[in-house]
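Asks: Letter by letter, the sequence shown follows residues 5 to 344 in the numbering used here.
The beta carbon of each residue, even a glycine, is placed where N, CA and C say it ideally should be.
Quick caveat: nothing in here was measured; it's all calculated off a predicted structure.
Dropping the structure in here first, questions after.
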Amino acid sequence: MLRRLAAVPLILIALLLIAMYSTQVPYAGFRQPVYVDIPRGTGSRGIAALLERNGVIRYRWQFLLARVLRPRVTLQAGEYLFEQPASPWRVLERLAYGDVFYHELVVHEGDNTFDIAAALEAQGILPAAAFLEASRDASLVRDLDPGAPSLEGYLFPDTYWVTRRTTPARLCRMMTGRFRRAWRELGSPKAGIHDTVTLASLVEEEAKLPQERPLIASVFLNRLRAGVALQCDPTAIYAALLEARYRGAIHRSDLDRRQAYNTYQYPGLPPGPIANPGLASLRAALHPAQTDYLYFVLRADGSASHQFSSNLAEHTRAVQEYRRELHNQAQQAHGAARVR
5 MLRRLAAVPL ILIALLLIAM YSTQVPYAGF RQPVYVDIPR GTGSRGIAAL
55 LERNGVIRYR WQFLLARVLR PRVTLQAGEY LFEQPASPWR VLERLAYGDV
105 FYHELVVHEG DNTFDIAAAL EAQGILPAAA FLEASRDASL VRDLDPGAPS
155 LEGYLFPDTY WVTRRTTPAR LCRMMTGRFR RAWRELGSPK AGIHDTVTLA
205 SLVEEEAKLP QERPLIASVF LNRLRAGVAL QCDPTAIYAA LLEARYRGAI
255 HRSDLDRRQA YNTYQYPGLP PGPIANPGLA SLRAALHPAQ TDYLYFVLRA
305 DGSASHQFSS NLAEHTRAVQ EYRRELHNQA QQAHGAARVR
């Protein structure tokens, strides 16, 4: 009897060692990558239950045992992605470190709110409609631009790390905060920020080459001084986007549409930015080249450069040359296709 009683502690120790060893054994009860969202304020028992339910650990007691052995660590709320087998101990370490899953959202120079919304929805981060609604609230930049019709132009191009818990309002705050830092990098110029950002957005949409940004800015400013309509194609496209009628290409009907953003129909700058310009375009709007150019047209040689002109006769010749070159290229392509 005494021998049996003496053996009990040994058995308990052996069971404890086995249990402790099991916290080091990798496990995966899932076939596809699984996301586990741990709400803020969830206790250790609730976390263990979530992990067991999603197949991240075999038994919840394994995680709780590991937790007992690491009582001082703070487990971080958030969304975690599990793709490979992991031991309960390793899972605990990830939660203690706060290894939350982040989506990489890349906002390119010249992206507008519709582009950003589409990217968010495509990546499963946020519904496009929810982001568009948040971007229409200009209160985040009212101190900078009291006349801003929306956050367009102030959602600075950069790479953002967001979770599926990130709200549209929070994301907009992150992006406008990044704009504020960029504006400070430019020296927080006293020039009217509304017109500067609006002009920069036009430059961003039209410029293909970095060195041409100041030249294109000069064209728009010269036309404004001369009282000539800007006739900027991207503004007609943006007007169509605002009315949910853009068909992937610009049409004559888009140019003829009486919409406030369409600079073919209304003189001066549009009511606000049509895209989110980067630092270089903002700098070009603040420091344009000194030229007498009033026109530009894309060259057809594939260089992405523009032909700049100071008068209508020069511009007409440049446009004719552009169309002639496109026609020649089309004929050559047609002839090559027939040979094949």
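Does the region 127-135 touch the region 247-263, meaning 3 or more C-beta pairs lie closer than 8 angstroms?
Replies: No: fewer than three Cβ pairs fall under 8 angstroms.
Asks: Could I get the ranges of all uninterrupted alpha helix (DSSP H) runs contained in the region 77-154, with 4 residues as the minimum, in chain order?
Replies: Fully enclosed alpha helix (DSSP H) runs of 4 or longer: 92-101, 117-126 and 132-139.
Asks: What is the rounded straight-line gap between the Cα of Y39 and the Cα of R169?
Replies: If I take the Cα positions, the gap works out to 12 angstroms.
Asks: Would you decide whether N280 is buried or exposed? Buried here means 16 or more other CB atoms lie within 10 Å of its CB.
Replies: Classification of N280: buried, given that the 10 Å Cβ count is 16 or more.
Asks: To the nearest angstrom, how far is it from the Cα of L283 to the Cα of A221?
Replies: Looking at the two C-alpha atoms, the distance is approximately 14 angstroms.
Asks: According to DSSP, is H421 part of a helix, a strand, or is it coil?
Replies: Outside the shown range of the chain (5 to 344) lies residue 421, about which nothing can therefore be said.
Asks: Leaving out five residues before and five after P89 in sequence, what residues of the same chain have Cβ atoms less than 7 angstroms from its Cβ?
Replies: Around P89: P30, Y31 and A32.
Asks: What residue does the alpha helix (DSSP H) around T200 start on, and which one ends it?
Replies: First-last of the alpha helix (DSSP H) with T200: I197 to E210.
Asks: Can you find the residues in the same chain that come closer than 6 angstroms, C-beta to C-beta, to N226, ignoring five residues on each side of it along the sequence?
Replies: The answer, listed in chain order, is L298.
Asks: The alpha helix (DSSP H) spanning G223 covers which residue range?
Replies: Strictly speaking, residue 223 in this sequence is Val, with Gly absent from that position. V223 -> alpha helix (DSSP H) spans R217 to A230.
Asks: Assuming L348 is part of the alpha helix (DSSP H), what are its boundary residues?
Replies: This structure does not reach residue 348, given that the chain is present from 5 up to 344, and the question cannot be answered.
Asks: Going by alpha carbons, who is nearest to R74 out of L55, R184, E97 and E156?
Replies: The residue with the shortest Cα to Cα distance from R74 is E97.
Asks: So which of P92, N116, G128 and A308 has the shortest CA-CA distance to F108?
Replies: For the sequence presented, residue 108 should be read as Glu rather than Phe. Out of P92, N116, G128 and A308, G128 has the C-alpha closest to the C-alpha of E108.
Asks: Look up F300 in the DSSP assignment and give the residues it is bridged to.
Replies: F300 is bridged to F312.
Asks: Is it right to say R251 is buried, meaning 16 or more other beta carbons lie within 10 angstroms of its own, or is it exposed?
Replies: Its Cβ having fewer than 16 others within 10 Å, R251 is exposed.
Asks: Report yes if the CB atom of V104 is closer than 8 angstroms to the CB atom of F86, and no otherwise.
Replies: Not closer than 8 angstroms, so no.
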